[in-house]
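S.K.:
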Amino acid sequence: MTRRGGGSLKHIPAEAPIVSRHASFKFTKSEQAKRDFLRRLGSDLQRDDDSSSTGPPLFKGAYALPKTTVAVKLTAEDFYSTMEVRSWGSGSHSQLGLGDDRHRATPDMVLALYHITTDLSQVQLFCGDLLTAAITEIGHVYVWGRLPLDASQTIRVPERIAGLENVCVRSLSCGPGHMALVGDTGAVYTWGKGTSGRLGHGDEHNAYMPKRIASPLLVPTKIRQAACGEEHTLLLDDGGAIFSFGNGRAGQLGLGAYVDHQEPVPVPLPPDTTFVQIACGMNHSGAVSATGLVFTWGWGEQGRLGHGNEDPQPTVKCVDGLRHLRVAALNCGGAHSLALTTCHKVFAWGWGRFGQLGVGSTHDALVPKPVKALDAAVARIACGYGHSAAITADGALYLWGFGEEGQIGTGDEQNHETPQLVWQTTAKKNVDPPRVLQISLGKAHSMAIALLSMQHERRRQLRPENIRHAAVTLQCFVRQTVARIKLKRRRHAREKLRDRELALLNQAEQARAQAEAARQAEDDARAARAQALAQQAHRRRQEVAKAATTIEAAARRWLVRQRFLQRLCQVAAKQAVAAEVARQAAQATRLTRIDIKAAQEAMEETIDAFLDSVMQGVHATIDGREEARWRREVAAAEEARLVEAEVQRLSEEVRQKAVAAEHARMEREARRQEALDAAEAQHRARRDMEIAKAKAKLRQRQEQLTAGPPKPPTKTDEVRRRRLKERQRQKAADELNASREKRDKQRADLAEQKRQLEEQQKEKMQLAAKLESERHQRIFRKSLKEQPLVRPTAAHQVRAAYIAECSPSYRVIDGEVKPHYVLDPAAAAIDAHVVGSSQPSDSGGPARSTSKYRIFRELQRSAAHGLLHRWPNDGGGSCRKQQPKHRVDTITTVRRINIAMAFVTDCETVLKRRHREAPLCVVSATNMPKFDLPKIHRRHYTPEEVAVHKCAEDCWVVVFARVMDVTDLVAKNQGALVQPIVNHAGEDISHWFDPDSREVKTHIDPDRNLRLPYLPHGRFLHVPPPEPVSTWNTLDLKPWWNDDRYFIGFITQRVRMIEVVNTLTHQRHSLQVCTEDSIEEIQYRYIDLQFNAHAASYTWKYLDSNEFVPLDMGKTLAENGIPDESLEFEKLNMDADEYKPILHIYYNDDLTIM
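In UniProt numbering, the protein residues as written are 1 to 1154.
1) Reducing DSSP to helix, strand and coil, say where I155 ends up.
2) On the premise that H445 lies in contact with G89, defined as a C-beta separation below 8 Å, what is that separation, rounded to the nearest angstrom?
3) Starting from G114, trace the beta strand (DSSP E) both ways and give me its first and last residue.
4) Counting only runs of 3+ residues fully inside the segment 1032–1065, write out the beta strand (DSSP E) ranges in chain order.
5) CB-CB under 8 Å to A396, same chain, minus the five flanking residues each way: which ones, in chain order?
6) Just to confirm the assignment, what range does the alpha helix (DSSP H) spanning K972 have?
7) Ends of the beta strand (DSSP E) at Y189?
8) Based on the DSSP secondary-structure assignment, which residues constitute the bridge partners of C569?
9) Report yes if the CB atom of S173 is closer than 7 Å to the CB atom of A180, and no otherwise.
10) On the DSSP bridge assignment, give the partners of K950 in chain order.
11) Looking only at its own chain, which residues have a Cβ that is under 6 Å from the Cβ of R854, when we skip the five neighbours before and after it?
12) Does the beta-carbon distance from P148 to G192 come in below 7 Å?
13) Reducing DSSP to helix, strand and coil, say where E477 ends up.
14) Which stretch, first to last residue, makes up the beta strand (DSSP E) that contains L338?
15) Starting from D1088, trace the alpha helix (DSSP H) in both directions and tell me its first and last residue.
16) Quick one: Cα of W1032 to Cα of P1024, how far?
17) Would you mind reading off the limits of the beta strand (DSSP E) that contains E263?
18) Terminal residues of the continuous alpha helix (DSSP H) containing V982?
19) Of all the options S171, Q262, L217, which has the alpha carbon lying nearest to the alpha carbon of R224?
20) Going by DSSP, what residue range makes up the beta strand (DSSP E) through E231?
21) Tell me the rounded alpha-carbon separation between D1104 and N1148.
22) Which of the three DSSP states, helix, strand or coil, is assigned to residue 1161?
23) For A328, name the three-state secondary structure that DSSP assigns.
24) For W299, name the three-state secondary structure that DSSP assigns.
25) Beta carbon of I135, beta carbon of V169: below 7 Å?
26) Using the three-state DSSP reduction, which class does D108 fall into: helix, strand or coil?
27) What do you reckon, are the CB atoms on G386 and P107 nearer than 7 Å?
28) Thinking C-alpha only, which one of G401, W400, I381, F402 is nearest T392?
29) Out of A290, E703, V316, G308, state which residue places its alpha-carbon closest to the alpha-carbon of S244.
30) Per DSSP, what kind of secondary structure is E999 in: helix, strand or coil?
31) Give me the Cα-Cα distance between T221 and V188, rounded to the nearest whole angstrom.
32) Should S285 and Q252 be called a contact, given that it needs their Cβ atoms to be closer than 7 Å?
33) Give the single residue among Q475, F1047, V659 whose Cα lies nearest to the Cα of D968.
34) Leaving out the 5 sequence neighbours to the left and right, which residues in its chain are closer than 7 Å to T418 when beta-carbon positions are compared?
35) In whole angstroms, what separates the C-alpha of L98 from that of L305?
36) Apart from the five residues on each side of it in sequence, which residues of its chain come closer than 6 Å, Cβ to Cβ, to T82?
The following block contains the structure:
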């Protein structure tokens, strides 16, 4: 895959296709055409996949999606949130992915990952010593930083690893000098240095590309996890068995001996024990069993094994300090370890010199100790070489330990002994704190992925349909733009490669073609000269012939004129008197002959003069053309000479550049080899030193065993040993802080440069924000203009006027075609007081809630059914009401029309009279009219409908897909016990309860060792108190979450978008329905949205095979032959909102009001 701004690890063939041929396909939006298009597109994509599986890897365009069988459910949160990846710490080898070698003391956004994936939530990050790796949602592996086998090369932006084109990678592990990758088929691939047999290929050779482990022990098993230490590797299969290979001189292989193994060897395990997770430190290993126990083995110095001592352990041994707990996750750092229990508590042990244990000190811990500073529930943990991290259940990120390279992310570059909250604020406005989803730690850097969401109060003010439309439009625009940019870059690269090849071919053929070109030029010159002479003679002959023709024509015209004159003379002579003619005949004859002779001589002189002038012009034209041709030949010869000189110069430059490039490549290869040799020598020296120390300690212990029981250490020996260790640790700390002043100066300069860049970036961001705000305003104004005009009915106007006058808690916003109602703070206090007093109504029942939604729904139903209610002022402030007892189902069509018209007329009369009378009676929610009509009961609700009821006066919750209306419960039990329910109103709280017993979840209290209710959000109603009290009564108490009195329906499994077309008014309305709703329930939703109060007077139809088929009102959309195709659209990366099912309604010539 070609990356932005750099090269790639493997070139793509020039003949690989770029985009699918379906990109320019045009089709109509009718149902039949849409289905035909989906069938053709699916078959064509299947053929493309089959053809690409056997050929070279094809280019993945902006519209290519991975094959998946998991249904993706999109919610409204997706349109208000975004994903961010940030990194911080040491960037000495570009391991932060920010395109430079600078350090970052605070989290900085990594923009390069947006070029390799479209879903950051599914990307897996893995940090090593000096590099970082990522696995995309389609199994591609990208790395950046310094590679294990190339110390001179630094990758600044993510590049895909070559050699894994046909492998889908699901997990990997990074060690200091090698990597292990696990494919979806269970195969294991290793890559990097092969010293001590850490790659598992049976030798110690290095692997410059990922190579599969072909061990016979791994053939019948399927590996699901790999873990890499400094020079050893562990593998875990599906059956819970562990395989190890590599350096075992510290006992980290768990085989009971201090020897190396170059191939995978099964690790002896305790009886009836299977493992679900493995982890590796530098020289120690660990695993978690299926029962939640932790086992460790390997080098034991500084208590990294957690067994209470510093002795090495060559076999698998359980950590006794965690036997009473159930561990869910284990992570190993350089010389320390972290464990996460199922109670969401963190325990740490091992090396604590820099405070990486998080217990508030820098002492080592030989046994697991709880990290008490993390009081919140922890969901994830991670370990680096000298620092640690934890993510809470609500997405807060905490880091502690070594921070002198900025890897803690607090901005102070200091060590921290307790957890520090990191990445808690953002520079964007109206955004909630980031919810961190993933964290990965390296030797001196960190990287995390978080979800940024718009503020809850801000989301309430937005219109979801407009935001969704804008998001879909922007997404389509971005995808098309990215596809065009990639296509343009790919074509530009191909053209550049083609030009380079053509230039090389031209240079190779230039020398051979020069002689032939010269000879050909000479022959062409001779032929051109001969052709020019022939053309010149031909043109001269043509010009002479043309001149002769012109002269001949002029002579003929002159003769004609002369003949005409002669004719005139003859006519004049005939008119003379016969006598005069006879007398002067002789004289006339003589004069006529003289005139004819003179005219002939004049004509000859004129012809000669004309021919001379014509010939002179012809000769001048020929001479000018010869001179111009000669000048062109001279200029062409000069130009050819200059071109030849330029070609020679370019060829010489190309040759010199090639020589220079080859020389630079040889020097770079020499430097790389020298660096590799130096690193290898340093590593071998360090390894030999460690081996010698281990052998010396082993020899000393053997001598002590053979000499007899060791003498008990005295207090002086212990003090001396402790002081020696303290001096060694202080020396190591001094070495780490030796270059602190120089590093501080460099960082101060870098901070100043960063400040200047941030100021420039801030100005750019302000300008971009201003432009984006103007664009959003334009989109919003355009969406307002495109909204369909909804004409309010008379009943709607009556409802609006009634609420505006009679209810003091609501006021109408002026200037709206379809009135909205907002809460009046002054009157809300009065209503709250009335509700709090819980006074009974006139009918003796409990007081009704002041919910705006309930008032509007009751008024809507009453107006829709056409019932008449009057409230005359009796002077005392009381109100009377009448309740008709008839049912709507038994009223005929004429009766309904008469009742509706009478209702509108009487309501207008009452309102006019109330305007004239004074004072007006105050009608609140407690004395609102009650009707006997049956309410519209819905079987299923959408999440958006439930989310509307999120206040104390209107409180709905979802418990195990059951929608509960607990408004009355909250009103009757006001206090602290209902506050958690109100805080989560409109949400799904099923995670509060156990799915099997349907009771509140419980946990073991670590302080009292008792099973108590698990209440992370606080104790709520009907939950027993933690201590015995006399006021708690359990007789005849049924928890509200199991009480059917509050059950009103189910939450839908999936939401569908449909479009309703009114064939009478040609109006189109889009609405959101449940997949379980019948057509009749969809009709109720259509009426509730006030699109058409007479929807029951229409016949609902659907276009099927070019024919409109009536729908069965008692069946769902799928049962009526309208399947849900949104998953297919998502799989094909198409916008499902643009291809919604269309229902057509036809008027039946009646006037039924629902």
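Positions of the beta carbon are idealized from the N, C-alpha and C atoms, including for glycine.
M.R.: Taking the geometry as given:
1) strand
2) 3 Å
3) In the sequence under discussion, the amino acid at residue 114 is Tyr, which differs from the Gly named in the question. No beta strand (DSSP E) contains Y114, which DSSP labels as neither H nor E.
4) 1047–1051, 1055–1062
5) A376, L421, Q424, P433, V436
6) 967–972
7) 188–192
8) For C569, which the question treats as bridged, DSSP gives no partner whatsoever.
9) yes
10) C955
11) Note that R854 has pLDDT 37, beneath the 50 cutoff, so the model's placement of it is unreliable and the number below is only indicative. Closer than 6 Å at Cβ, skipping near neighbours: no residue.
12) yes
13) Checking the sequence, you will find Phe at residue 477 rather than Glu. The answer is helix: DSSP assigns F477 an H, G or I state.
14) 336–341
15) 1079–1088
16) 7 Å
17) 261–266
18) 979–983
19) S171
20) Here E231 belongs to no beta strand (DSSP E), and DSSP marks it neither H nor E.
21) 21 Å
22) For the chain, the structure presents residues 1 to 1154; residue 1161 sits outside this window and is missing.
23) strand
24) coil
25) yes
26) strand
27) no
28) I381
29) V316
30) coil
31) 11 Å
32) yes
33) F1047
34) G358, G360, A373, W400
35) 36 Å
36) L452
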